[in-house]
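**Q** Numbering (full-length UniProt numbering), first residue to last: 1 to 750.
Idealized CB from N, CA, C, for every residue including glycine.
These figures come from a predicted structure and were not determined experimentally.
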């Protein structure tokens, strides 16, 4: 039978379903009822009967988590269902829904009818509901259908109705407001000039005097006011005004040089506890729990006077411990593209890095001081006002490039904000809740002369600056029939080798795919790079699996250099070939886990492989199995990451975290090898640290992806595994997004 939420269809929709257009007024039909609760025609009742049967107990048992969550979502639908959306829910099978959406009056979709079948998996809410669109031959507008599928996913308890929301949400807790004093606790040795860098930044945030130069620190801070507007706090007195309060010095390391999180709170408690934010700054020779390994600082709250809570922040000086992690872009990063570091605006890598982290944490403290304000994602791994925009400092930013910044013509330092006492600072982008985008500072009224002299993209040093878009560098791409040879170094099971070989054969399969999206569809996106070259002589790239070589005796040992990787790669064919070296989980390789998960390149062919008397090269790839060494870095999202939001890991589609992670990295490197085989093809950024077809879209696997969330993916109803591509022999794979040169955006399969 039906629940109290029944289907009421307007006559115009019914007429349209019968093939005629009716413009009569919308008179509700009598409720449609079905006493026998017949769900036999539901897409997921028919196609996944075995799954429904095997998991029926978890849906029927009121004590299970999935039952409780689904009943909660049903209640949300009953209480808040939008107009023109009608839902059918079943008593016996609570996991199955029907949805009908009628086009809104006054829109191009008026009287159009859209029907969907939905099914909650047994793993909900860790996995999204399945959604199937049923047209029944109605006349439809496909653009609207695509939008509706996204809308349906969000309406029916996907991430917008689960703990890990895709959008910034206000969680009804208090924000900091009114006059707040900033109290600084300096722990360890800091020079007076270092302390002045921070105090000048604090005084610049809420400065009442008009800034002499724009953009300013105060203009950056004003973005936080938009969060207050959204909750109706429009009175000026409710806005946050920060001022420097007291400063405490602890130069004798009273708690030692290795601090716990509890000791950080103890230090923070030394400052005033009413209408205050107490900031603990630790010097470069002080270690703190989690510092460098998972964080550069933190903020939180502690019980103060009369059980009221006060906010605190801790930031560490990373100059000698991890500048590549906590002081980028003033130091080369630990991972990723190794672009040249920028010059720090105050000539102090450690302190300028601290200002970046302090700015991020201050924005987070103002808008989410007690963990129940504004944030995105699960409560245990919150993305806040600045942490939702990682690595963005100016327009045009991409991984490894901070964006278009201002440059001091005297010192060459990069910055984006002017502060008190002539200071310059580099401040992170802030998430703008009014536009749902990352907002960066820019000079709104800079003169043409100032732009010519100071703006990064107009200085003479632009010749040394990496390009901001994907460019073709006139080198050859791989074309024609290319054989793929696999060199397995170390112990791999036959089932593991089959995961990879099935992936390779799926790339250029001539057989039409039984299921979509497919691996072949993903690979076809590479063709857009060839179209952009407009070479009439080149033929399409077709990959075929040729030879497989096993080296299970570790002939070169279990610790390999880059040169030894090339030596292994040379065992395969050296003409019209890509030779791929796979190293087992117990093999260490130079740079593996510390800066890379694999690599690609080219090596000279041997003498017998010389072509027409000329030296030639062959392309090679190396990928390591990270399962036991660094799955958080090289097998994400099938393992929790080393840094950043700690969202639950996804189930690997082939039930092998190491191999499924290898497929992701192999896919990325194959795309790069095809489009930039010899270092002079397609890439973005500096030649020494190129971002290629996939590495330009890090961490993106489906629509709606953000840091710590891979995106909206397909889920296997039987295993709960996440994937986005079907391959040969019934395989499923998770493949990374590809940079689409025709749209200058990251393209995903789902």
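Going by DSSP, which residues form a beta bridge with residue 551?
**A** In the DSSP output, where bridge partners are listed per residue, residue 551 has 489.
**Q** Does DSSP classify residue 438 as helix, strand or coil?
**A** In this structure, residue 438 counts as strand in the three-state DSSP scheme.
**Q** Could you check which residue in 253, 737, 325 has the C-alpha nearest to that of residue 293?
**A** Minimum Cα distance to residue 293 is reached at 325.
**Q** Kindly confirm or deny that the stretch 500-517 and the stretch 584-594 touch, where touching means at least three C-beta pairs closer than 8 Å.
**A** No: the two stretches stay apart, fewer than three of their Cβ pairs being nearer than 8 Å.
**Q** Can you name the residues that DSSP bridges to residue 481?
**A** DSSP, once it has assigned bridges, lists 542 as partnering residue 481.
**Q** So who's on the other strand from residue 258, going by DSSP bridges?
**A** Partner(s): 287.
**Q** State the DSSP-derived secondary structure class of residue 276, mapped to helix, strand or coil.
**A** Three-state DSSP puts residue 276 in a strand.
**Q** So what does DSSP say about residue 662, is it helix, strand or coil?
**A** Three-state result, residue 662: helix.
**Q** Among all the DSSP beta bridges, which residues are the ones paired with residue 240?
**A** Partner(s): 178.
**Q** Between which residues of its own chain and residue 49 is the CB-CB distance below 8 Å, once the five residues before and five after are set aside?
**A** Here residue 49 scores only 37 on pLDDT, less than 50, and its place in the model should not be relied on; the value that follows carries that caveat. No residues qualify anywhere along the chain.
**Q** Roughly how many whole angstroms lie between the Cα atoms of residue 434 and residue 651?
**A** So the alpha carbons of these two residues sit roughly 35 Å apart.
**Q** Could you give the distance in angstroms between the alpha-carbon of residue 740 and the alpha-carbon of residue 251?
**A** Computed Cα separation, rounded: 54 Å.
**Q** Check each candidate in 247, 288, 120, 273 and name the one with the smallest Cα separation from residue 263.
**A** Among 247, 288, 120, 273, the Cα nearest to that of residue 263 is on 288.
**Q** Using the three-state DSSP reduction, which class does residue 571 fall into: helix, strand or coil?
**A** Three-state result, residue 571: coil.
**Q** Of the choices 98, 315, 71, 605, whose alpha-carbon is the least far from that of residue 115?
**A** Considering only alpha carbons, the answer is 98.
**Q** For the alpha helix (DSSP H) holding residue 522, just list the boundary residues, first then last.
**A** Its alpha helix (DSSP H) spans residues 519-524.
**Q** In whole angstroms, what is the alpha-carbon distance linking residue 712 and residue 749?
**A** Going by the C-alpha atoms only, they are around 10 Å apart.
**Q** My output table needs one value for residue 192: the three-state DSSP class, helix, strand or coil.
**A** Correct three-state label for residue 192: helix.
**Q** Quick check: the stretch 704-722 against the stretch 670-688, are at least 3 beta-carbon pairs closer than 8 Å?
**A** In short, these stretches do not touch, since the Cβ pair count stays below three.
**Q** For residue 280, collect the residues of the same chain with a Cβ closer than 8 Å to its Cβ; drop the 5 residues on either side in sequence, then sort them by chain order.
**A** Same-chain partners within the cutoff: 185, 187, 264, 267, 268, 312, 313, 314, 315.
**Q** Could you tell me the distance, in whole angstroms, from the CA atom of residue 397 to the CA atom of residue 404?
**A** If I take the Cα positions, the gap works out to 7 Å.
**Q** Beta-carbon within less than 7 Å of residue 674's beta-carbon, same chain only, minus the 5 sequence neighbours each way: which residues are those?
**A** Excluding positions up to five away in sequence, the list reads 477, 478, 526, 541.
**Q** Tell whether a beta-carbon distance below 8 Å holds between residue 432 and residue 223.
**A** Contact: yes.
**Q** With a threshold of 6 Å on Cβ separation, who are the neighbours of residue 480 within its own chain once the five nearest residues in sequence on each side are excluded?
**A** Cβ within range, chain order: 539.
**Q** According to DSSP, what are the bridge partners of residue 746?
**A** Partner(s): 739.
**Q** Are the CB atoms of residue 367 and residue 175 nearer to each other than 8 Å?
**A** The answer is yes: Cβ separation under 8 Å.
**Q** Contact defined as beta carbons within less than 8 Å: I believe residue 620 pairs with residue 566. What is the distance between those atoms, to the nearest angstrom?
**A** Residue 620 to residue 566, Cβ: 7 Å. Contact.
**Q** Output needed for residue 260: all residues of its chain with C-beta closer than 7 Å, excluding positions within five of it in sequence on either side, in chain order.
**A** The residues are 289.
**Q** What residue from 688, 502, 472 has the CA that sits closest to residue 742's CA?
**A** Of the listed residues, the one whose Cα sits closest to residue 742 is 472.
**Q** What's the C-alpha gap between residue 625 and residue 575?
**A** In a straight line, the C-alpha of residue 625 is about 27 Å away from that of residue 575.
**Q** Nearest-angstrom Cα distance between residue 735 and residue 641?
**A** So the two alpha carbons sit approximately 18 Å from each other.
**Q** Throw me the rounded Cβ distance for the residue 203 and residue 244 pair, which I believe falls under 8 Å.
**A** About 6 Å separates the two Cβ atoms, so the contact holds.
**Q** When you compare the CB positions of residue 543 and residue 484, do they come within less than 8 Å of one another, or not?
**A** Cβ atoms of residue 543 and residue 484: closer than 8 Å.
**Q** So, with DSSP's three-state summary, where would you put residue 117?
**A** Reduced to three states, the DSSP call for residue 117 is strand.
**Q** Around the C-beta of residue 200, are 16 or more other C-beta atoms found within 10 angstroms, so that it is buried, or is it exposed?
**A** By the neighbour-count rule (16 or more Cβ atoms within 10 Å), residue 200 is buried.
**Q** If you draw a straight line from the alpha carbon of residue 528 to that of residue 701, how long is it in whole angstroms?
**A** About 19 Å.
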